[in-house]
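Participant: Sharing a structure, written as structure tokens. Questions coming.
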Amino acid sequence: MSSSHALTILPAHRTLAVNSGTSLIEALVDHSIFLRSDCCGRGTCGKCLVQLIQSDGTKKETSACTQQIKSNLTIAVYLCHTDNKEVVSSVAVKNPQSIYGDDVVSRIGAIDMKRDSLDHLQKIVINAIEW
Ligand code: FES
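Start counting the sequence shown at 1; every next residue gets the next number (this note's numbering).
This is the structure we're talking about:
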């Protein structure tokens, strides 16, 4: 049985209840918060980079697709201009199914690797529509 942890999203100060062992990117998508995920969560593209603030105040940058929820966390998600680091937005919205790949072929491959991905693909689209 998994335990639940609090995940706080900055700068919105929105707190989510997430299950232990869930990847950070899956926890965000389950709550209709979508990050770019070009490598289908393999941890190679760096598009899902977030800053984590742990309960002791220490900060670290990590890929949301490789970070497992093990404790209460706060994350800051900012869209920044690459030239001057100016914050453009605090939320990025795109097709939520992109956590399984940025194209349809990658998503089909994800379903072949993990059969319950199909149910998750359906669920996250429905959540996005209800947002
Ligand atoms: S590093 Fe590619 S989705 Fe996380």
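No residue lacks a Cβ here, since even glycine has one placed at the ideal position from N, Cα and C.
How would you call arginine 107, buried or exposed, if buried means at least 16 neighbouring beta carbons within 10 angstroms?
Facilitator: Buried, because 16 or more other Cβ atoms sit within 10 Å of the Cβ of arginine 107.
Participant: Using alpha carbons as the reference points, say which of Asp56, Leu52, Ser71 lies closest to serine 3.
Facilitator: Looking at the Cα atoms, Ser71 is the closest of the given residues.
Participant: What three-state label does DSSP hand glutamate 86 in the structure shown?
Facilitator: If DSSP states are grouped into helix, strand and coil, glutamate 86 belongs with coil.
Participant: Just curious, the alpha helix (DSSP H) that leucine 28 is in, first and last residue?
Facilitator: Its alpha helix (DSSP H) spans residues 24–30.
Participant: Is the beta carbon of glycine 148 sitting closer than 9 angstroms to the one on threonine 66?
Facilitator: The structure shown does not extend to residue 148, since the chain spans only 1 to 131, so no value can be given for it.
Participant: Let me check one thing: in DSSP terms, what residues is arginine 14 bridge-paired to?
Facilitator: In the DSSP output, where bridge partners are listed per residue, arginine 14 has Ile9.
Participant: Going by CA-CA distance only, name the one from Cys48, Leu16, Ile69 that's closest to glutamate 61.
Facilitator: Comparing Cα positions, the closest option is Cys48.
Participant: Given serine 117, which residues of its chain have a CB within under 7 angstroms of its CB, disregarding the five upstream and five downstream residues?
Facilitator: Answer for serine 117: Tyr100, Ala110, Ile111, listed in chain order.
Participant: How big is the Cα-Cα spacing for arginine 115 and valine 50?
Facilitator: Computed Cα separation, rounded: 28 angstroms.
Participant: Note down, in chain order, each residue of its chain lying with its Cβ closer than 6 angstroms to the Cβ of cysteine 40, except the 5 sequence neighbours on either side.
Facilitator: So the qualifying residues of the chain are Tyr100, Gly101, Ser106, Ala110.
Participant: Taking asparagine 127 as the reference, which of Ile53, Pro96, Arg36 has the closest Cα?
Facilitator: Checked all of Ile53, Pro96, Arg36; the closest Cα to asparagine 127 is Pro96.
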